[in-house]
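Below: one structure, written as structure tokens.
Residue numbers (the working numbering): 23 to 161.
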């Protein structure tokens, strides 16, 4: 069995934009519904697609409570911000740290949907071929 790996074209890498706008969540209705009905699950999926531990986004849920117990206010979700910056860096997406902080703090759900759409665009497609089997059966 021969396996062939196809990847989708990444487009111009010299500063491309996100493939969907921050408030264009409904462009990909599957991601939109997934994020709306279970945003923590979508966040964990994004983390896994990016190659990180799937439980990483749970830090965003737990860290404010833990930090406030010690009297330290925490308003920036660390995992969401780190993943957003990592995705932007890896795929050379235009933007700034300020925009990433803004999106991670004030548009959490939309930010996770946007990251999910971007990562789905870069998922490799694997096709399996049994040409060797067909060829050997013809001989």
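Ideal placement from N, C-alpha and C gives every residue a C-beta, glycine not left out.
Legend entry - Sequence-distant residues of its chain with Cβ nearer than 8 Å to residue 44 (five each side left out): The count along the chain shown starts at 1 and reaches residue 44 at position 22. Excluding sequence neighbours, residue 44 sits near 125, 129, 132, 133, 136.
Legend entry - Where residue 115 sits in the DSSP three-state scheme: In the chain shown, the residue the question calls residue 115 occupies position 93. Strand at residue 115.
Legend entry - N- and C-terminal bounds of the alpha helix (DSSP H) containing residue 136: Residue mapping note: residue 136 aligns to position 114 of the chain shown, counting from 1. That run of the alpha helix (DSSP H) goes 130 to 143.
Legend entry - Nearest-angstrom Cα separation, counted from residue 60 out to residue 74: Stepping through the chain shown from its first residue, residue 74 is reached at position 52. Stepping through the chain shown from its first residue, residue 60 is reached at position 38. C-alpha separation (whole angstroms): 19 Å.
Legend entry - Inter-residue Cα distance where the pair is residue 98 and residue 121: As a working note, residue 98 is residue 76 in the chain shown. As a working note, residue 121 is residue 99 in the chain shown. Inter-residue distance for residue 98 and residue 121 is about 12 Å (C-alpha atoms, whole angstroms).
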